[in-house]
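For reference, the structure discussed in these notes is given below.
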Amino acid sequence: MSGALGGFLGFVGMSAVAGILVTAAVAPAVALSGIAATNTINVFDNLPEYLSIDRLAQKSNIYASTNAEDPVGTRVLLASFYEQNRVDVASDAISQFAKDAAIAGEDPRFMEHGGVDIQSSFNGAVQTLAGGGTRGGSSITQQYVKNVLVQKCEVMTDADAAKECYTDATQTTADRKLREMRLAIGLEKKYEKADILRGYLNIAGYGGTVYGIEAAANYYFNTTALNLTLPQAASLVAIVNNPVKFQLDHPDSETNGAANGYAANKVRRDYILTEMLKYDKISQADYDAAVATPIEPVITVPSTGCQTAGGSAYFCDYVTKILKTDVTFGATEEERLANFKRGGFNVYTTLDLDLQNAAETSLNKYVPKTYPGWDVGGVVSSVKVGTGEVLAMAQNKDYSQVPQPAGSDFTSINYNTDFAMGGSGGFQPGSTYKVFTLAEWLKEGHALTERVDSRVKSNWGTFQDSCLGPQNYDAQGFSPRNDGGEGGPNETALHSTTRSINTGFIGMAKKLDLCGIKKTAEAFDVHAADGGKLGQNASSVIGTNYIAPLTMAVAFAGIADNGMTCTPIAIRSMVGSDGAELPVPKSTCTQSVTPEVAAGMQYAMATTTVGGGTAAASGSRTSPKVPIIGKTGTTDSAKDTWMSGASTKVATVVGVVNVSGSFKNQRTFSMNGVGAQYIRHYVWPDVMSVANAKYGGDAFPEASSNVINAVAVPVPDVRGKSMAEAKTTLEAAGFYFVDGGVTSSELPAGTVASTDPAGGSASTRGATVTVRSSDGTGVTIPDVIGKTETDARAILSGAPYTFTVAKLEQATEDKAQDGKVLAIQPGVGAAGRPGDGVTIVIGKYTAPAPATAAPDKKNG
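Numbering (my numbering), first residue to last: 11 to 870.
Structure representation (structure tokens):
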């Protein structure tokens, strides 16, 4: 705008500016003299909180350690992360050269004015409002205010609101300038000059994502703010004036690059040096030497983001997700994100670098990053028993911060964690999930040696489900089998665990409540990786839910800790930029099952790790030896294979999995010289051997007899009943009915002739009772005890028995038994067929030997 109208508006605008500047001129005197504020200067009171010289957005560091007892002393930097690369430093950590350069180059009268340099602001305002374009003139305090307002915008989560805020903070209007002046004057009333200068140097932008004098010194010259030389300090302060124009990390720039000695920056640098000389901040000799010094940046890119953590990158990513999502770091998503962006934290994590290195090394050795025709994944999660601390988290891929195509060497997905924490939708854990049916079995009072119907069949009948109602899967042809062979028809819970027999666990579930099994799993903090609900149908019993490996490691740690499950934690402690200890998320420990039930689980799971058990290959390779428990898992067609187990100190889950798309049966090929299905039994021992050596391991508590041994109960006497009635009676009593075929009996054909064990005898609940039906043609051996041999023979050889009779003699001192039948073989009442042979035992009297006279004690 120009001409008369422009001049008029400029005049009006100048009137407003003049009023502010007059007040600005008065304010310093008021502040310095201690005179109470009057209505004239109330406009400068009540500064907004965000304007305080406070902690700025800066770099945060994530550390791991090799020693939980001394996490700070043995710390190793995993990665730094930031929205703005800044390290907020104290005034005495900044070179005096930098302070003097800032004042001389940006605000020579900084130490005299009260927040607004009247002369510079007046000249700038006249030029702006008269339509002559914008001009500088902002004091260091004003520039600090402007930067704070911009920072306020940058932590906003709403993009539109942030854009509007930024425009309002930077637009070249009189209103914005007046507001900036008011806030600057108010700031000077509250803070010392040294604090404002420090705040300015820490908040200023130095190009790109580099903010603050310390980060700028690190990045551009590989030094610290305290150790900056005079020419270096002047070059950095020069950048602040126009970061895009003067930054030093574009060596190919035609106007400000290596070829021309960073000419644009040098012009501004030398101007600042001239001003420093002019205001007696440096000597002539210092000036001459500095101007003659070439600009030679040593660009030092800081470690930023989790990709710098190498194999620990996925754990690092997990930690950043916690910082952004856990309510400990802010009640709302916006508050947490703002805290995360502001940063300045030193985060000391639970990661044990010894275990982590073992996990990374073993995965690199056995599981390739890619495999032809298969999106292969390898995972390791280790958790400390009793604390929930995540000790190791590794996978076979290289970390990427952006999504990658399937089958790539890189991925942004953390295979070990839930979807909400940067993970996948989880994986089927296969038979490792059976431990929760085992827990429910013991909770309901069943014993490890109790037997169930474990035949392979497709007519399992109705399963009880207290949540969804009775469930029947016969119409779907539900007929689970074992990928590696079947067990017997009447397996114990113990043997089903040792050999991981699918039908054994389905038989156990048949006697339980499907909803109860799900609730028991949830008691161990087991949940679906995608945030949905756990399935509770019969197939879920053998591991068809999709669960994150870390979740299973937490559950196995709970089993090892006598049923006490502790939720996972990854941050041991955290210190703010001011050195104060900050609150961090705590593990919540819950008694999932009673110690007695847990002891039974441990007893059964220990049998898997020794000879004959499915986890013996892992147990035998682990050294040093400590007591361990374990459970293997193999999904349909060996798509995924698992080894999960624990000592009393550390729990570890290892998996070789199909991440996406088509898969390969791991039983059919090898990777890196090892059968794919056996890789879990090499990686798990590699990790747990380090854990055993470092943490040791105690004996698990002894399981009680009533948990191990099934209660003996009487076998019902079903002789003479129909086979159908016998089956119902025996199964109702908890026994497994087996039809033993037909036998000869005098009982009516088709009725029960005999059982093994016999009716009335004691046997364990769930045991097999073999039932034989009568063919109706048999006879029962009659009672001939006490009869003479002649009479007995007549009865036995006559109709309807027609037995062939043999005789044995047995000495007796009872004359009354001479010639009488003392016994018969088979026994009285035994079933037989006409014509069978029997043996009678006949008594034969033998006189007793004469008594011997006692010796004469008097003569003896």
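For each residue, glycine too, the CB sits at the ideal point set by N, CA and C.
Counting C-beta neighbours from all protein chains within 10 Å, is the total for THR265 16 or more, i.e. buried, or is it exposed?
exposed
Kindly indicate if chain B contains any beta-carbon less than 8 Å away from that of ARG775.
The displayed structure is made up of one protein chain only, and chain B is not part of it.
PHE679 burial status per 10 Å Cβ neighbour count (16 or more: buried)
exposed
Taking C-alpha atoms, which residue in ALA720, MET403, GLU823 and VAL660 lies nearest to ASP327?
MET403
CA-to-CA distance, VAL466 to PRO480, given in whole angstroms:
21 Å
Tell me which residues share the same chain as VAL700 and place their Cβ nearer than 6 Å to its Cβ, disregarding the 5 neighbours each side in the sequence.
ASP364, LEU365 and ALA368
Report the residue ranges of all alpha helix (DSSP H) runs contained in full by the segment 715 to 783; include only those spanning at least 4 residues, in chain order.
715 to 718 and 733 to 742
Nearest to LEU88 by CA position, among GLY353, ASP259 and LEU361, is which residue?
LEU361
Determine, using beta carbons only, whether GLY706 and VAL636 come nearer to each other than 8 Å.
yes
Buried or exposed for ALA859, please, with buried defined as at least 16 other CB atoms from any protein chain shown within 10 angstroms of its CB.
exposed
For THR359 and PHE429, I'd like the C-alpha separation in whole angstroms.
21 Å
Under the three-state reduction of DSSP, which class applies to ALA857: helix, strand or coil?
coil
Among the candidates GLY340, THR575 and ASN500, whose CA atom is the shortest distance from the CA of GLU532?
THR575
Where do the N-terminal and C-terminal ends of the alpha helix (DSSP H) with ASP828 fall, by residue?
From DSSP, ASP828 is part of no alpha helix (DSSP H); its letter is neither H nor E.
Give the DSSP-derived three-state secondary structure of TRP384 in the structure shown.
strand
Within this structure, are the beta carbons of THR180 and VAL160 separated by less than 8 Å?
yes
For VAL667, which residues from the same chain have a beta carbon less than 6 Å from its beta carbon, with the 5 sequence-adjacent residues on both sides left out?
GLY387, PHE437 and ASP650
In the DSSP output, which residue or residues are listed as bridge partners for CYS599?
CYS576
Inter-stretch contact at 8 Å, needing at least 3 Cβ pairs: the segment 383 to 399 / the segment 609 to 622
no
Uninterrupted alpha helix (DSSP H) stretches inside the segment 786 to 856 (no shorter than 4 residues):
799 to 807
Nearest residue (CA-CA) to PHE350, options LEU373, GLY315 and TRP384:
GLY315
Length of the line joining the Cα atoms of GLN1 and TRP470
For residue 1 there is no data in the structure shown, the boundaries of the chain being 11 and 870.
VAL254 by DSSP, collapsed to three states: which one?
helix
Tell me the DSSP secondary structure of ILE292 in three-state form.
coil
As assigned by DSSP and simplified to three states, the class of ASN555
coil
Considering only C-alpha positions, which residue in the set LYS797, MET611 and VAL728 is nearest to PRO711?
MET611
I'd like to confirm the pairing. Which residues does DSSP put opposite ALA661 in its beta bridges?
VAL393 and ALA656
Which of the three DSSP states, helix, strand or coil, is assigned to GLY447?
Looking at the sequence itself, residue 447 is Thr, so the reference to Gly does not match. It is helical.
Work out the CA separation of PRO844 and GLY786 for me, nearest whole Å.
12 Å
So, for PRO38: in the same chain, excluding its five sequence neighbours on each side, which residues have a beta-carbon less than 6 Å away from its beta-carbon?
With a pLDDT of 42 at PRO38, under the threshold of 50, the predicted position of this residue should be treated as unreliable, though the coordinate-derived value follows. Only GLY124 meet the Cβ criterion.
ALA28, buried or exposed, once every other Cβ within 10 Å from all chains shown has been counted against 16:
Any reading at ALA28 must be qualified, since the residue scores a pLDDT of 46, below 50, and its modelled position is unreliable; the value itself is stated next. Exposed, by the Cβ-count rule.
With 16 as the cutoff for other CB atoms within 10 Å, does LYS868 come out buried or exposed?
Residue placement at LYS868 cannot be trusted, given a pLDDT of 45 that sits under 50; what the coordinates show is reported in the next sentence. By the neighbour-count rule (16 or more Cβ atoms within 10 Å), LYS868 is not buried but exposed.
What's the C-alpha gap between PRO253 and ARG189?
24 Å
Boundaries (first-last residue) of the alpha helix (DSSP H) holding ARG192:
184 to 200
Are the CB atoms of VAL389 and TYR443 within a distance shorter than 8 Å?
no
Which one or two residues does DSSP pair with ASP362 in a beta bridge?
SER75
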